[in-house]
Amino acid sequence: MNTPLSATLTRVAASPHAVGQDSVSSIMLKVIAALTPATLCGFWFFGLPAVLLWVLTCASALAGEAICLRLMGKPILATLRDGSALLTGWLLAMSLPPWAPWWLGVLGGLFATMIAKQLFGGLGCNLFNPAMVARVALLVSFPVLMTAWASPEAEPGLREGLGITFGAPVPDAYTSATLLGHAKTELARGADLFQAFSQGLPTSWQGERPGSLGETAVLLLALGGIALILMGVISWHIPLAMLLALAIPAAIGHALNPARYLDPTTHLLSGAAVLGAFFIATDYVTSPASRAGQLLFGAGCGFLTWVIRSYGGYPEGVAFAVLLMNALTPAIDRFIQPRIYGRDWRGNPRLQKKD
Amino acid sequence: MFIAITSLTLLGLILGTLLGIAARVFHVESDSVTAEIVAMMPGTNCGQCGLAGCQAAADALIEGTAPATVCPGGGAALAEAIAARLGIPLGAMEDSGPKVATISEDICIGCSKCAKACATDAILGAAKQIHGVLDEACTGCGGCLDLCPTGAIALQPQAQTLQNWNWAHPLAA
Amino acid sequence: MGILDKFLKTSWGVHPHEDHKRPAADVPLRGLPLPKRLAVPLLQHVGAPAKPLVAVGDQVLRGQLIAAAQGNVSAPIHAPSSGVVSAIGPVTAPHPSGLDFDAITIDLDGEDRAVEFTAVEDPLMLAPEEVTRRIAEAGIVGLGGATFPSAPKAQLGRKHAVRTLVINGGECEPYLSSDDCVMRSNSNEVVDGVRILLHATGASEALIGIEDNKPEAIAAMRAAATGIQQIRVCPVPARYPMGSDRQLVQVLTGLEVPAGARTASIGVLVNNVSTCAAIHRALRLGEPLIHRIVTINGGAVARPGNVRVPVGTLVEDLLAFVGLKETPARLVMGGPTMGAALPHGAVPTVKGCGGILALTAAEIAKPEPSPCVRCGSCARACPMGLLPMEIAARVAARDYDGAEKLQLDDCLSCGCCAYVCPSNLPLVHAFSHAKGEIWKRAQQKKRNEFTKQLAQARIERQAREARERAEAAARRKAERAAQLAAEKAAAARPQETGA
Chain A
39 MNTPLSATLT
49 RVAASPHAVG
59 QDSVSSIMLK
69 VIAALTPATL
79 CGFWFFGLPA
89 VLLWVLTCAS
99 ALAGEAICLR
109 LMGKPILATL
119 RDGSALLTGW
129 LLAMSLPPWA
139 PWWLGVLGGL
149 FATMIAKQLF
159 GGLGCNLFNP
169 AMVARVALLV
179 SFPVLMTAWA
189 SPEAEPGLRE
199 GLGITFGAPV
209 PDAYTSATLL
219 GHAKTELARG
229 ADLFQAFSQG
239 LPTSWQGERP
249 GSLGETAVLL
259 LALGGIALIL
269 MGVISWHIPL
279 AMLLALAIPA
289 AIGHALNPAR
299 YLDPTTHLLS
309 GAAVLGAFFI
319 ATDYVTSPAS
329 RAGQLLFGAG
339 CGFLTWVIRS
349 YGGYPEGVAF
359 AVLLMNALTP
369 AIDRFIQPRI
379 YGRDWRGNPR
389 LQKKD
Chain B
754 MFIAITSLTL
764 LGLILGTLLG
774 IAARVFHVES
784 DSVTAEIVAM
794 MPGTNCGQCG
804 LAGCQAAADA
814 LIEGTAPATV
824 CPGGGAALAE
834 AIAARLGIPL
844 GAMEDSGPKV
854 ATISEDICIG
864 CSKCAKACAT
874 DAILGAAKQI
884 HGVLDEACTG
894 CGGCLDLCPT
904 GAIALQPQAQ
914 TLQNWNWAHP
924 LAA
Chain C
61 MGILDKFLKT
71 SWGVHPHEDH
81 KRPAADVPLR
91 GLPLPKRLAV
101 PLLQHVGAPA
111 KPLVAVGDQV
121 LRGQLIAAAQ
131 GNVSAPIHAP
141 SSGVVSAIGP
151 VTAPHPSGLD
161 FDAITIDLDG
171 EDRAVEFTAV
181 EDPLMLAPEE
191 VTRRIAEAGI
201 VGLGGATFPS
211 APKAQLGRKH
221 AVRTLVINGG
231 ECEPYLSSDD
241 CVMRSNSNEV
251 VDGVRILLHA
261 TGASEALIGI
271 EDNKPEAIAA
281 MRAAATGIQQ
291 IRVCPVPARY
301 PMGSDRQLVQ
311 VLTGLEVPAG
321 ARTASIGVLV
331 NNVSTCAAIH
341 RALRLGEPLI
351 HRIVTINGGA
361 VARPGNVRVP
371 VGTLVEDLLA
381 FVGLKETPAR
391 LVMGGPTMGA
401 ALPHGAVPTV
411 KGCGGILALT
421 AAEIAKPEPS
431 PCVRCGSCAR
441 ACPMGLLPME
451 IAARVAARDY
461 DGAEKLQLDD
471 CLSCGCCAYV
481 CPSNLPLVHA
491 FSHAKGEIWK
501 RAQQKKRNEF
511 TKQLAQARIE
521 RQAREARERA
531 EAAARRKAER
541 AAQLAAEKAA
551 AARPQETGA
């Protein structure tokens, strides 16, 4: 070796000199992959308008992010490649009525990345889940459009499908209420649940019933979520705590007064419970970092969902519940911290008795 | 009539006492802050800040006429401590690290003017002998620079060693 | 809280996806042909540097004392082979800064003549203090990398009346297998060293912790320790950083070392297996610590493996011996997670150097950092239970006090957090910077205190001098007045007598 090695060594760097294989983009890609089967299933049920809406929502989420990055002079392509904006748009699309008009998706997508994410400082800095912020913003601004659900029996053709997305009014025959919406309306009318569902509960694992993309294919969503847990992308703490905290009060309520409260299975299988538990509440940025905190966070999401569904003004409460718990996340992270090795819970050196 | 006079007198007495106590407490507080700031400072009265010693600098800080970075000898650590104590902005600092005086042996004539003036007795050497600087005692105040008739003294950054070397801030490019 | 701990914090540390230990670990130990030149550093241990006892031009023999320990925590340095001292002065330190430190450079004559070693027939018959003295004289320091001198450590153990010796055969760093090699090929020496240490410290049992990814070492050590009641070989799960003393003590004894304290405070003393082998050689053969086994590994190395290396051998000589397949992108002394990147190859090996890695660009490839997504992986990986993402946020804002409040001081710099971080944030770099900054501030504060005392002393001295001058002046004035009065009186007397 005649040439001095120094000539060839790259910049001397701090340890460690090896890194693991996970990266932000690989994690986002895995989440997207886990969402794909349920999404395709939703496309199958709801046809062309759902596909168009999904494309528009994702594209506008990406566009919103790109615009903000451009305005702030940050690298655009490198940031878009992390997949977080695409995932935000995707999750939003999953939570919209599949036959919503095109501008609802575009508005939501732009709102999610521009207002709910980049205004807070971009990836990692947003306090609230961007997809849920956008969904709630749309829900309170356009309540009628946001609760007009297509029935999966309808099979619009190409022309009809384009018409639905781009402005033509949706034929009444095609729309119907979701299960939770129906229950809420009937209860508000003074009817009890036995009357409301005299034909039997339309709950099904296959998901062939009115609702958003992320509401219908419950089984595929759950499988995707379990795959994420097995891949180590998310842990079981938030989903399990959320689903249990939704099912247990529901079971108690239903046992006490079946005419007033829906049964736990219906609660779990309808609305965005499964999508929320596996894909939305588990968002790294807006959920607590510690396992104990995650249990608390998940339980809060589940319980609040049940409270809102049972007593609130809206039929579905996952988005509100997640946002409320997002607001509590900093507090949870502040108060639930791991015990430091060699210290007690207060942080003082832990004295060990010598015997 | 009597009740009115008594109650008003009592009220006046109580309020007056409270005011007096408040004034006393406030007065003591102000003093103790100055004392605290003075205690934080190097206390060499080197005058590098352009004021008449550390007490004057502390007074100026409290009046708000001096920035938190008033004391070059105290370095970044002192500036931050002052800013935190008084709740004033830190301001930009050009922190080139601590400096020490060095005497060029070729030029020093051993007049010992610098040694006599040094506030911390950091310069060693009797008359007619080349002087040396005790690095650990030198505050880098620079008070000796202009005294040297031959210009043999210069402020140099402290030498980097394996002990005091540090990684750059990871965000600094 | 114990159950809660277990339930919520199931696993600290990381399982590197590929530990790269083999095939290097399975290659038989090789000896290094004597190089032409050695640069033996004076500071190869924690504590004060050794003081040179030789001068340029002196002839030295293998094993000859060339620098003496200074102070309580220090270690002497011996010549690893025979030759002539050609220089005493700065050489580049194995440190990422590329700064210099002092070393004694010896031009070897190749004859490897040795001083006469004074072996001990049975070290277990010596008094513990005598054993400790011999360990100190042999210049033995912790060979696991911490390089704390072994003799003061044994003394500390006696002072605290430790009951348990934990012998660290964890070697959790990827790529490295030098301890593995020692345990496989010299298991009897290690076990004998453990017995000597038990005797020197007065401990009643020794637990040898070996990661379960080294079945050969476990078997060899078990065979060597058969029939010795006090010594138990304990396989531990392979998980980084199992070889950190605090973690190994916790796994083997269930005890936690209190923050800021040494393991001795809970009755445990930790020593590395290679240190035990060195203690055996020092006592049974009288041979000081002059060489050690170094793993040379990495994608750029043609014939990786373990090599017996004289202390002070230049890294480039080592690499020339094992050959390079390609030009390395980074040289590292130590393992890939905690080792120091070297500025160039002309850097001496030291007593605490267990490995030299020549890594390729592909091996050190690290994507550009992206923002923290608060996934919490770092906090779960941290073996100390710290919150790296929170500390890093403080450091990024230069809030060093905030970082200190989050107990940055407890950080081991093990690198688990940076290893798992999906955003590839330079966490260890940030923490090292913050620790350095906090240290500097403490130094500056001490310095300010010191200069303040000096200034105060000077003011007092000046006041005293002024007072003394005033007093002297007053005295002189008084004397003069007295003199004048006396003169007056004297002048007046003749008049009186005359009158």
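Residue numbers (our numbering), protein chains in the order written: chain A, 39 to 393; chain B, 754 to 926; chain C, 61 to 559.
For glycine and all other residues, C-beta sits at the position ideal for the given N, C-alpha and C.
Candidates 96(A), 299(A), 197(A) and 179(A): which alpha carbon is nearest residue 147(A)'s?
In the first sequence, counting from the first residue as 1, residue 147(A) sits at position 109. Nearest C-alpha to residue 147(A): 96(A).
Could you pull the start and end residues of the beta strand (DSSP E) that residue 146(C) belongs to?
In the third sequence, counting from the first residue as 1, residue 146(C) sits at position 86. 143-152 is the span of the beta strand (DSSP E), which, as asked, contains residue 146(C).
For the region 351-367 of chain C and the region 293-310 of chain C, state whether three or more C-beta atom pairs, one from each stretch, are separated by less than 8 Å.
Result no; under three Cβ-Cβ pairs closer than 8 Å.
Between which two residues does the beta strand (DSSP E) carrying residue 852(B) extend?
Within the second sequence, residue 852(B) is the residue found at index 99, counting from 1. First-last of the beta strand (DSSP E) with residue 852(B): 852-856.
So with CB distances below 7 Å, who are the chain B contacts of residue 492(C)?
The residue given as residue 492(C) occupies position 432 in the third sequence. Ordered by position in chain B, the residues that pass the 7 Å Cβ test against residue 492(C) are 920.
Here's a check: name, in chain order, each residue in its chain whose Cβ is nearer than 7 Å to the Cβ of residue 234(A), leaving out the five neighbours to either side.
Within the first sequence, residue 234(A) is the residue found at index 196, counting from 1. Closer than 7 Å at Cβ, skipping near neighbours: 220, 221 and 224.
Does the region 316-326 of chain C come close enough to the region 377-396 of chain C that 3 or more CB-CB pairs lie under 8 Å?
These segments do not touch.
Roughly how far, in whole angstroms, is the beta-carbon of residue 207(C) from the beta-carbon of residue 119(C), given that I think they are within contact range, below 8 Å?
Here the question's residue 207(C) lines up with position 147 in the third sequence. Here the question's residue 119(C) lines up with position 59 in the third sequence. 29 Å between Cβ atoms; not a contact.
Taking only beta carbons into account, state which residues of the region 307-326 of chain C come closer than 9 Å to chain A, listed in chain order.
Answer set for the region 307-326 of chain C: 307, 310, 315, 316, 317, 318, 319, 320, 321, 325 and 326.
Just the chain C side, please: which residues come within less than 7 Å of residue 830(B) by C-beta, in chain order?
In the second sequence, residue 830(B) corresponds to position 77, counting from 1. Near residue 830(B) (Cβ distances below 7 Å), the residues of chain C are 501, 504 and 505.
Counting only the same chain and skipping the five closest in sequence on each side, list residues whose C-beta sits under 8 Å from that of residue 366(A).
In the first sequence, the residue the question calls residue 366(A) occupies position 328. Closer than 8 Å at the Cβ level, and outside the excluded window around residue 366(A), lie 335 and 338.
What are the residues of the region 352-383 of chain C that lie near chain B, defined by any Cβ-Cβ distance shorter than 9 Å?
Of all residues in the region 352-383 of chain C, none has a Cβ within less than 9 Å of some Cβ in chain B.
Does the beta carbon of residue 480(C) come closer than 8 Å to any beta carbon on chain A?
For the purposes of this step, residue 480(C) is taken as the residue at position 420 of the third sequence. Closer than 8 Å: yes.
If you draw a straight line from the alpha carbon of residue 760(B) to that of residue 773(B), how long is it in whole angstroms?
For the purposes of this step, residue 760(B) is taken as the residue at position 7 of the second sequence. For the purposes of this step, residue 773(B) is taken as the residue at position 20 of the second sequence. Approximately 20 Å between the Cα atoms of the pair.
I'd like to know whether the C-beta of residue 387(C) is nearer than 8 Å to at least one C-beta of chain B.
The residue you call residue 387(C) lines up with position 327 of the third sequence. No, residue 387(C) does not count as interfacial toward chain B.
Would residue 807(B) be called buried (16 or more neighbouring beta carbons within 10 Å of its own) or exposed?
In the second sequence, the residue the question calls residue 807(B) occupies position 54. So residue 807(B) ends up on the buried side.
To be precise: take each residue of the region 387-401 of chain C, compare its Cβ to all Cβ atoms of chain A, and keep it if any distance is under 9 Å. Which residues remain?
Hits within the stretch, in order: 387, 388, 389, 390, 391, 392, 394, 395, 396, 397, 398, 399, 400 and 401.
Between the alpha carbons of residue 379(C) and residue 174(C), how many angstroms are there, rounded?
The residue labelled residue 379(C) in the question sits at position 319 within the third sequence. The residue labelled residue 174(C) in the question sits at position 114 within the third sequence. Each residue's alpha carbon lies about 26 Å from the other.
Compute the Euclidean distance between the alpha carbons of residue 156(C) and residue 483(C), then round it to the nearest angstrom.
Looking up residue 156(C) in the third sequence gives position 96. Looking up residue 483(C) in the third sequence gives position 423. Answer to the nearest angstrom: the Cα atoms are 24 Å apart.
The alpha helix (DSSP H) that contains residue 275(A), what's its start and end?
The residue given as residue 275(A) occupies position 237 in the first sequence. 275-294 is the span of the alpha helix (DSSP H), which, as asked, contains residue 275(A).
With a threshold of 8 Å, are at least 3 pairs of Cβ atoms found where one atom belongs to the region 431-439 of chain C and the other to the region 469-488 of chain C?
Touching, yes.
Using the beta-carbon count (16 or more within 10 Å), is residue 347(C) buried or exposed?
On the third sequence, position 287 is the one that residue 347(C) refers to. Residue 347(C) is buried by the Cβ-count criterion.
For residue 316(A) and residue 277(A), what's the separation of their Cα atoms in angstroms?
In the first sequence, the residue the question calls residue 316(A) occupies position 278. In the first sequence, the residue the question calls residue 277(A) occupies position 239. Roughly 5 Å separates the two Cα atoms.
Distance check for residue 810(B) and residue 819(B), CA to CA, integer angstroms please.
The count along the second sequence starts at 1 and reaches residue 819(B) at position 66. The count along the second sequence starts at 1 and reaches residue 810(B) at position 57. C-alpha separation (whole angstroms): 7 Å.
In terms of residue numbering, what span does the alpha helix (DSSP H) encompassing residue 302(A) cover?
The residue you call residue 302(A) lines up with position 264 of the first sequence. That run of the alpha helix (DSSP H) goes 302-307.
Using the C-alpha atoms, what's the distance from residue 67(A) back to residue 916(B)?
For this step, residue 916(B) is matched to residue 163 along the second sequence. For this step, residue 67(A) is matched to residue 29 along the first sequence. Roughly 45 Å separates the two Cα atoms.
Less than 8 Å between CB atoms is the rule here; does residue 130(A) satisfy it with respect to chain C?
Translated into the one-based positions of the first sequence, residue 130(A) becomes position 92. No, its Cβ sits nowhere closer than 8 Å to a Cβ of chain C.
Under 8 Å, with one C-beta from each stretch per pair, do the region 176-183 of chain C and the region 70-79 of chain C reach the 3-pair mark?
No, they do not touch.
Just the C-alpha distance for residue 167(A) and residue 400(C), rounded to the nearest angstrom, thanks.
Here the question's residue 167(A) lines up with position 129 in the first sequence. Here the question's residue 400(C) lines up with position 340 in the third sequence. In a straight line, the C-alpha of residue 167(A) is about 41 Å away from that of residue 400(C).
What residue range is occupied by the uninterrupted alpha helix (DSSP H) comprising residue 364(A)?
Start at 1 with the first residue of the first sequence, and residue 364(A) comes out as number 326. 356-373 is the span of the alpha helix (DSSP H), which, as asked, contains residue 364(A).
Mind checking if residue 206(C) is an interface residue toward chain A, Cβ cutoff 8 Å exclusive?
If you number the third sequence from 1, residue 206(C) lands on position 146. Judged by the 8 Å Cβ criterion, residue 206(C) is not in contact with chain A.
Buried or exposed: residue 754(B), going by 16 or more other Cβ atoms within 10 Å of its Cβ?
For the purposes of this step, residue 754(B) is taken as the residue at position 1 of the second sequence. Result: exposed.
Measuring only the C-alpha atoms, how far is residue 513(C) from residue 539(C)?
Locating residue 513(C) in the third sequence gives position 453, counting from the first residue. Locating residue 539(C) in the third sequence gives position 479, counting from the first residue. Going from the Cα of residue 513(C) to the Cα of residue 539(C) covers about 37 Å.
In whole angstroms, what separates the C-alpha of residue 272(A) from that of residue 455(C)?
Walking along the first sequence from the start, residue 272(A) turns up at place 234. Walking along the third sequence from the start, residue 455(C) turns up at place 395. Taking the straight line from one Cα to the other gives about 28 Å.
Let me check understanding here. Comparing Cα to Cα, which of 251(C), 147(C) and 172(C) lies closest to residue 161(C)?
Here the question's residue 161(C) lines up with position 101 in the third sequence. Comparing Cα positions, the closest option is 147(C).
So which residues on chain A does residue 436(C) lean against when the C-beta distance must stay under 8 Å?
Along the third sequence, one-based indexing puts residue 436(C) at 376. Near residue 436(C) (Cβ distances below 8 Å), the residues of chain A are 322, 326, 327 and 328.
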